[in-house]
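Numbering (my numbering), first residue to last: 390 to 461.
For glycine and all other residues, C-beta sits at the position ideal for the given N, C-alpha and C.
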């Protein structure tokens with residue numbers, strides 16, 4: 390039990406005294422970068438899925454794989 394107490398005390402000490410936390414401006418700018426990058430990657434994956442993906446729906450576009458499957 391003493392080991393757990395010692396571990397928790399050292400953890401709190403490290404978080405309070407040794408960790409360098411970002412400023413509010415740094416936190417906001419880094420958050421914006423992550424959100425923008427996430428949106429760009431999700432749009433890229435969406436486009437690739439619609440262009441290359443295979444759709445069985447009634448849609449006129451079946452994707453490149455759908456065209457290949459129709460030929461085969």
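By alpha-carbon positions, which one of the options ends up nearest to residue i?
i	options	result
residue 438	460, 454, 449	454
Give the range of the alpha helix (DSSP H) segment to which residue i is assigned.
i	result
residue 418	413 to 441
residue 402	391 to 402
residue 453	452 to 460
Pull up the CB-CB distance for residue i and residue j, whole angstroms please, since I reckon it's below 8 Å.
i	j	result
residue 440	residue 452	7 Å
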